[in-house]
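Numbering (my numbering), first residue to last: 320 to 633. Just so it is clear, CB atoms sit at the ideal spot from N, CA and C, and this is done for glycine as well. All values derive from a computational prediction rather than experimental measurement. Worksheet for the structure shown next.
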């Protein structure tokens with residue numbers, strides 16, 4: 320028997336959420352094959368099987384919040400060599416309904432004779448697992464009708480906690496300056512024609528910020544407790560909106576990269592963010608953040624500082 324543990328993706332991580340069991344209880348798996356998709360504080364990961372075997376036990380259903388280091392599944396090598404799948408006592412109709420709704424019967428507590436799982440047991444499990452909107456007619460807050468309640472996922476929850484912490488604990492001041500981009504837009508058009516690729520305006524902003532930070536290096540820093548750390552490397556987080564929330568992958572050593580290189584990297588990181596393929600390495604190590612809402616028609620806004628950084632450009 321081999322235990323599968325909830326990995327710890329970074330030292331500060333306490334829990335992660337099980338998004339999807341890619342392989343189910345009783346499935347044969349190969350070493351290195353992804354068996355479960357989990358969501359940490361910053362991104363999603365697939366946990367792979369360390370051995371060839373059969374998944375004999377899944378400890379937590381999907382959407383469970385699990386402590387790092389906890390056993391989430393058990394894989395048996397003996398079962399892979401010819402053992403039988405663990406049998407679950409259930410009525411035929413219960414098995415049929417469970418199969419139709421993707422319910423793992425081994426996670427259902429039976430109320431029938433000898434613990435046999437009945438139709439009602441499965442239906443109760445379906446109702447528990449179902450994310451039901453709360454009916455507006457029955458739940459009210461004051462006079463406001465509730466349409467639905469949404470559970471904060473690991474990523475959204477982390478974003479909420481970090482930005483709330485920043486807003487409450489980091490004294491901030493903002494300065495707004497109008498900048499005429501007319502000549503910059505002409506330059507971009509010339510460059511696009513000469514190299515035959517689209518260049519993001521954000522790439523120009525990132526490059527300009529990197530050069531400015533070299534002149535004003537104290538802004539390229541972080542603050543924790545009573546200590547300020549000033550960095551020599553200029554690594555720019557670029558805020559990207561996804562369906563799961565806001566993420567800010569890093570353009571490392573932005574000062575040394577050309578505008579074309581930065582633009583290509585932003586495009587690649589945006590695609591990875593939309594596909595939930597950002598790794599922890601892509602999200603950590605930033606020294607300053609840029610967030611651009613210009614494409615959405617926004618003229619001026621005050622972004623919240625990305626802790627523990629000391630400044631942000633919006």
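Tell me the DSSP secondary structure of residue i in three-state form.
{"i": "residue 409", "result": "strand"}
{"i": "residue 353", "result": "strand"}
{"i": "residue 596", "result": "coil"}
{"i": "residue 571", "result": "coil"}
{"i": "residue 612", "result": "coil"}
{"i": "residue 523", "result": "helix"}
{"i": "residue 514", "result": "helix"}
{"i": "residue 436", "result": "strand"}
{"i": "residue 494", "result": "coil"}
{"i": "residue 536", "result": "helix"}
{"i": "residue 377", "result": "strand"}
{"i": "residue 555", "result": "strand"}
{"i": "residue 591", "result": "helix"}
{"i": "residue 479", "result": "helix"}
Who are residue i's beta bridge partners in DSSP?
{"i": "residue 542", "result": "547"}
{"i": "residue 560", "result": "565"}
{"i": "residue 364", "result": "357"}
{"i": "residue 322", "result": "393"}
{"i": "residue 372", "result": "348"}
{"i": "residue 304", "result": "Residue 304 lies beyond the range of the chain shown here (320 to 633); nothing can be said about it."}
{"i": "residue 631", "result": "608"}
Ignore the nearest five residues each way along the sequence and tell me which others in residue i's own chain have a CB closer than 7 angstroms to its CB.
{"i": "residue 517", "result": "511"}
So residue i and residue j are supposed to be a Cβ contact under 8 angstroms. How far apart are they, rounded?
{"i": "residue 388", "j": "residue 520", "result": "Going by Cβ atoms, the distance from residue 388 to residue 520 rounds to 44 angstroms, so no, they are not a contact pair."}
{"i": "residue 588", "j": "residue 557", "result": "7 angstroms"}
{"i": "residue 482", "j": "residue 623", "result": "5 angstroms"}
{"i": "residue 429", "j": "residue 440", "result": "6 angstroms"}
{"i": "residue 529", "j": "residue 495", "result": "Not quite, the Cβ-Cβ distance comes to about 21 angstroms (not below 8 angstroms), so this is no contact."}
{"i": "residue 371", "j": "residue 396", "result": "7 angstroms"}
Measuring alpha carbon to alpha carbon, tell me which of the options ends up nearest residue i.
{"i": "residue 630", "options": "485, 325, 379", "result": "485"}
{"i": "residue 526", "options": "480, 569, 577, 560", "result": "577"}
{"i": "residue 342", "options": "333, 352, 334, 570", "result": "352"}
{"i": "residue 499", "options": "551, 618, 374", "result": "618"}
{"i": "residue 594", "options": "420, 581, 563, 605", "result": "563"}
{"i": "residue 627", "options": "321, 604, 367, 610", "result": "604"}
{"i": "residue 606", "options": "597, 585, 551", "result": "551"}
Leaving out the 5 sequence neighbours to the left and right, which residues in its chain are closer than 6 angstroms to residue i when beta-carbon positions are compared?
{"i": "residue 386", "result": "334"}
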